[in-house]
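S.K.:
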Amino acid sequence: DTAVSQTPKYLVTQMGNDKSIKCEQNLGHDTMYWYKQDSKKFLKIMFSYNNKELIINETVPNRFSPKSPDKAHLNLHINSLELGDSAVYFCASSQGATYGYTFGSGTRLTVV
Amino acid sequence: DAKTTQPPSMDCAEGRAANLPCNHSTISGNEYVYWYRQIHSQGPQYIIHGLKNNETNEMASLIITEDRKSSTLILPHATLRDTAVYYCIVRFRSNDYKLSFGAGTTVTVRA
């Protein structure tokens, strides 16, 4: 069983569209994250949820809206997609802040 | 978080030990040293972490200097599958949920 699974793995869409990326973890962790890795390969945290509560919200445009329906899921909805949103988005989870993070395999988003 | 400095790249021969250095001269007493790696096209993978003492697990060993200003990740017998970007991260452990990645070290294991 995949510990942290993201869908879809690849997403190609046109500018202006709205899209969602789903993330599920079966590790029983209480904290989930979204990271963005751009073309320069830098990994930047976007959001973090602990027990469904938003605890980290980095400088991310309002077009990005995370939603955590329960502790095992953290979805990312993106409105009005722009070319600059093209990147690989990684979901991760952890048990509190103490232990290592487990990352998903990523969603490669391409906006054309 | 304390800033870390890593060499941008290094090569290693297959079967030999790979020693990856990391400087973190401004680390505070409550900050831990974490190591992750990212194999091409995959999500980052947790390797090991430590505070003061040396640590070892099935993947690697972590050696932290006595003054804690630097550390070394040791891959005892590097294989081609260990080719990846390795990240050294310093952070508080108890309530710091922001795991921040730097540029890391690109390690290439050669046959």
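Top to bottom, those sequences are chains F and W. Note that the first sequence covers residues 2 to 113 in the numbering used here. Note that the second sequence covers residues 3 to 113 in the numbering used here. In this text, a Cβ means the ideal position worked out from N, Cα and C, and glycines have one as well.
Can you tell me which of the three DSSP states residue 166 (chain F) falls into?
M.R.: Residue 166 (chain F) lies beyond the range of chain F shown here (2 to 113); nothing can be said about it.
S.K.: Inspect the CB distances between the segment 74-90 of chain W and the segment 41-61 of chain W and report whether three or more fall short of 8 Å.
M.R.: Segments in contact, yes.
S.K.: Considering residue 124 (chain F), what are the terminal residues of the beta strand (DSSP E) in which it resides?
M.R.: The structure shown has nothing for residue 124 (chain F), since chain F only spans 2 to 113.
S.K.: By how many angstroms is the C-alpha of residue 53 (chain F) removed from the C-alpha of residue 69 (chain F)?
M.R.: So the two alpha carbons sit approximately 6 Å from each other.
S.K.: Does any residue of chain W have a CB that is nearer than 9 Å to the CB of residue 68 (chain F)?
M.R.: So no, residue 68 (chain F) is outside the interface.
S.K.: Answer yes if the segment 105-113 of chain F comes into contact with the segment 19-30 of chain F, meaning at least three C-beta pairs across the two stretches below 8 Å, and no otherwise.
M.R.: With a cut-off of 8 Å, the segment 105-113 of chain F and the segment 19-30 of chain F count as touching, because enough Cβ pairs lie within range.
S.K.: If the criterion is Cβ atoms closer than 9 Å, does the pair residue 130 (chain F) and residue 90 (chain F) meet it?
M.R.: Nothing can be reported for residue 130 (chain F): it is not among the residues displayed for chain F, which extend from 2 to 113.
S.K.: Tell me whether the segment 14-21 of chain W and the segment 53-65 of chain F touch, counting them as touching only if at least three CB pairs, one residue from each stretch, are closer than 8 Å.
M.R.: In short, these stretches do not touch, since the Cβ pair count stays below three.
S.K.: In chain C, what lies closer than 9 Å to residue 106 (chain F) by C-beta?
M.R.: The structure shown contains no chain C; the protein chains it does contain are F and W.
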